[in-house]
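Only one structure is covered here, and it is reproduced in the block below.
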Amino acid sequence: MKNILIPTDFSLAAWNATKYALQLFAESECVFYFLNAYTPEMHSNRLMAGRVSDMNKGCSAKSASEKGLRRTIHRIKKEYRNALHQYTAISTFSMLVDEVEEVVEDRKIDYIIMSASGGADDETIFFGRNTVRILNHGYQCPVMVIPPRVPFENLHSISVISEQNHLFKGDELNPVVHLAKYFNSAIQIASMQNTTDQITELQQINHQIITDKLGGISHDFYKLDTETSLTPTLKSYVDHANCQLLVMSNNANGYLRNLCNDYIVGRSTFCCHVPLLSLQLVENNMSISR
93 MKNILIPTDF SLAAWNATKY ALQLFAESEC VFYFLNAYTP EMHSNRLMAG RVSDMNKGCS
153 AKSASEKGLR RTIHRIKKEY RNALHQYTAI STFSMLVDEV EEVVEDRKID YIIMSASGGA
213 DDETIFFGRN TVRILNHGYQ CPVMVIPPRV PFENLHSISV ISEQNHLFKG DELNPVVHLA
273 KYFNSAIQIA SMQNTTDQIT ELQQINHQII TDKLGGISHD FYKLDTETSL TPTLKSYVDH
333 ANCQLLVMSN NANGYLRNLC NDYIVGRSTF CCHVPLLSLQ LVENNMSISR
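Mapped onto our numbering, the consecutive letters of the sequence shown carry residue numbers 93 to 382.
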């Protein structure tokens, strides 16, 4: 049984992330936890209830939050009718990052799945404030971020970005391994490296760790030229790799953490048309069962 947490602000982007999660785990027994955090009189982007007042201005933040969750679950049951899935609503008067941390620990969450930008109407934004906060918080489970309007596709190909100074360790790659086995995916490990540089000893060790971890899963290694700016390099790589999921490690000094130094991440700074899986060093034993 998988435990999936979906923070939602009831926006179109949040609904798209919900649909993606339901289809990703369509053949797995799951409990989906839908979380909406609110504070009365404070409808800002800091909180997942940032748009609930648009739904029903006559309702209090609490009743609007609860009503939004009921509508979401009702719509899911009507449109998907999956006997393998259970749904739980969590409406809470609290800060989002604190409540997510509590739910992750108490409900033994396997994945957090959320939209990249939520209810942000600004097309120049790629990661909204809620997404940046959750990516920065460092929860002990992977976070999957779904860009707006991106539909679910079977994961035929998964791309894992291997940074020069990061050594994969422990169970960090478990989510990738289990997704690849579940979808019979091929994995490409794209190593960040300057064109003129030789592969470092750390990268050689990393490649061996990855090979041992992937076992019989089809995989290969690709040299990702980082002489130019990394953002356009990554975008060009994703366009040509034809992958359905981009995986990055969210380590303290890595590209993803540095990317999220600001309140938001604009499309001019980073943009990706496939879902992003942010890896943490996960201690619990994860699996995906049919």
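Heads up, the beta-carbon is just placed ideally off N, CA and C, and yes, glycines get one too. This one's a predicted model, so the numbers in the text were calculated from it and none came from an experiment.
- Separation of the CB atoms of I98 and A118 is rounded to 15 Å, and the pair is thereby denied contact status at 8 Å.
- Residue pairing of S207 in beta bridges, as defined by DSSP: I238.
- Three or more pairs of CB atoms, one per stretch, sit closer than 8 Å, so the stretch 240-257 contacts the stretch 329-342.
- Residue pairing by DSSP places L326 in no beta bridge whatsoever.
- In terms of CA proximity to F124, R199 leads the group T303, R199, G307, T325.
- Per DSSP, reduced to three states, the secondary structure at Q178 is strand.
- For the pair Q280 and S328, the CB atoms are not nearer than the 8 Å cut-off.
- The alpha-carbon separation between N342 and Y130 amounts to approximately 27 Å.
- Under the 10 Å beta carbon count, Q300 is surrounded by fewer than 16 other beta carbons and is classified as exposed.
- Nearest Cα to Y347 within the set I297, M284, H311: M284.
- In the three-state DSSP reduction, T110 falls in the helix class (H, G or I).
- Proximity of the stretch 189-203 to the stretch 232-250 meets the contact definition, three or more beta-carbon pairs being nearer than 8 Å.
- Under the three-state reduction of DSSP output, T292 falls in the coil class, being neither helix nor strand.
- With a beta-carbon spacing of about 15 Å, L265 and L247 fall beyond the 8 Å limit used to define contacts.
- In this structure, the straight-line span from the alpha carbon of I302 to that of V189 is close to 31 Å.
- Following the DSSP letters along the chain, one finds V339 inside the beta strand (DSSP E) bounded by residues 337-341.
- Distance from the CA of L176 to the CA of L116, rounded to the nearest whole angstrom, comes to 13 Å.
- Between S183 and E158 the beta-carbon gap is near 5 Å, inside 8 Å, which marks them as a contact.
- Taking all protein chains shown into account, R221 has 16 or more neighbouring C-beta atoms within 10 Å of its C-beta and is therefore buried.
- For S251, the enclosing beta strand (DSSP E) starts and ends at 249-254.
- Annotated as proximal: N128 and L161, with beta-carbon spacing under 8 Å.
- By a beta-carbon distance limit of 8 Å, L322 does not contact L294. Their separation comes to about 18 Å.
- Taking C-beta atoms as the reference points, P324 and V242 fail to come closer than 8 Å.
- Out of D331, N298, I96, the CA that lies nearest to the CA of V195 is found in I96.
- E245 and K273 have their C-alpha atoms roughly 16 Å apart.
- Nearest to L306 by C-alpha distance, out of Q178, N276, I168, is N276.
- Nearest to M93 by C-alpha distance, out of Y179, V330, S152, D304, is Y179.
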